[in-house]
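In the working numbering, the protein residues as written are 2 to 118.
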Amino acid sequence: VQLQASGGGLVQAGGTLRLSCRASGAILSEFNSGPWEWYRQAPGKQRELVASMTSGGSQTYIDDVKGRFTISRDNAKKTVYLQMNSLKPEDTAVYYCKIFMYSSNYWGRGTLVTVSS
Numbered sequence: 002v003q004l005q006a007s008g009g010g011l012v013q014a015g016g017t018l019r020l021s022c023r024a025s026g027a028i029l030s031e032f033n034s035g036p037w038e039w040y041r042q043a044p045g046k047q048r049e050l051v052a053s054m055t056s057g058g059s060q061t062y063i064d065d066v067k068g069r070f071t072i073s074r075d076n077a078k079k080t081v082y083l084q085m086n087s088l089k090p091e092d093t094a095v096y097y098c099k100i101f102m103y104s105s106n107y108w109g110r111g112t113l114v115t116v117s118s
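As structure tokens, this is what we get:
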């Protein structure tokens, strides 16, 4: 089982990006168990939880991204997304997905998001 993250890139402030994280090799029932989470790590800072979603549909976000970021998933594609709108330079970081499957946490390799001012 691997998590394949994609969608990062360079964008101007105010722009949008959608990150994707596909669970390759996972069976659907395991992918559906959740929770699904997105983290980020900015240069010189600790990794922080940005958004999470439970199997019951509950979503949580850090204050910095509330109203701008949305976590969602497509079960059929076994993919979790992070829609990022109104991006700010302080959103610049490597973004990681994490999914709980097979009684373990699986991490994606990270995708770099750079927001220019």
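Where is the CB? At the ideal position from N, CA and C, for every residue including glycine.
Notebook entry, point to check: Based on the DSSP secondary-structure assignment, which residues constitute the bridge partners of R49?
Noted result: Here residue 49 refers to the residue found at position 48 when the sequence shown is read from its first residue. In the sequence under discussion, the amino acid at residue 49 is Glu, which differs from the Arg named in the question. E49 is bridged to R41.
Next item on the list: Decide if the segment 76-83 is in contact with the segment 55-65; the criterion is three or more beta carbon pairs, one per stretch, under 8 Å apart.
Entry: Not touching, per the Cβ criterion.
Check: How would you call R41, buried or exposed, if buried means at least 16 neighbouring beta carbons within 10 angstroms?
Finding: Your numbering for residue 41 matches position 40 in the sequence shown. With 16 or more neighbouring CB atoms inside 10 Å of its own CB, R41 falls in the buried class.
Margin query: Suppose you measure from the CA of T93 to the CA of E31; what does that come to, to the nearest Å?
Written below: Position 92 of the sequence shown, counting from 1, holds the residue named residue 93. Position 30 of the sequence shown, counting from 1, holds the residue named residue 31. In a straight line, the C-alpha of T93 is about 31 Å away from that of E31.
Next item on the list: Note down the Cα distance separating G15 from M85, rounded to an integer number of angstroms.
Entry: Sequence index remark: in the sequence shown, residue 15 carries index 14 (1-based). Sequence index remark: in the sequence shown, residue 85 carries index 84 (1-based). G15 and M85: Cα-Cα distance of roughly 10 Å.
Next item on the list: Keeping to the same chain, check which residues put their C-beta closer than 6 Å to that of Y103; ignore five residues upstream and five downstream.
Entry: Counting from 1 along the sequence shown, the entry for residue 103 is found at position 102. Hits under 6 Å: E31.
Item checked: F101 beta carbon less than 9 Å from that of L1 -> The displayed coordinates of the chain run from 2 to 118. Any statement about residue 1 would go beyond what the structure contains.
Notebook entry, point to check: To which residues of the same chain is T17 closer than 8 Å at the C-beta, ignoring the five residues directly before and after it?
Noted result: Within the sequence shown, residue 17 is the residue found at index 16, counting from 1. If the five residues before and after T17 are omitted, its C-beta is found closer than 8 Å to the C-beta atoms of Q84, M85, N86, S87, L88, all from its own chain and listed in chain order.
Next item on the list: Determine which residues share a DSSP beta bridge with T112 and list them.
Entry: If you number the sequence shown from 1, residue 112 lands on position 111. In the DSSP assignment, the residues bridged to T112 are Y96.
Notebook entry, point to check: The alpha helix (DSSP H) with A30 in it runs from where to where?
Noted result: Here residue 30 is taken as the residue at index 29 of the sequence shown, counted from 1. Just to set this straight, residue 30 is Ser in the shown sequence, not Ala. Its alpha helix (DSSP H) spans residues 29-32.
Check: Alpha carbon to alpha carbon, what distance is there between W39 and R19?
Finding: As a first step, residue 19 must be located in the sequence shown, where it is residue number 18. As a first step, residue 39 must be located in the sequence shown, where it is residue number 38. In a straight line, the C-alpha of R19 is about 12 Å away from that of W39.
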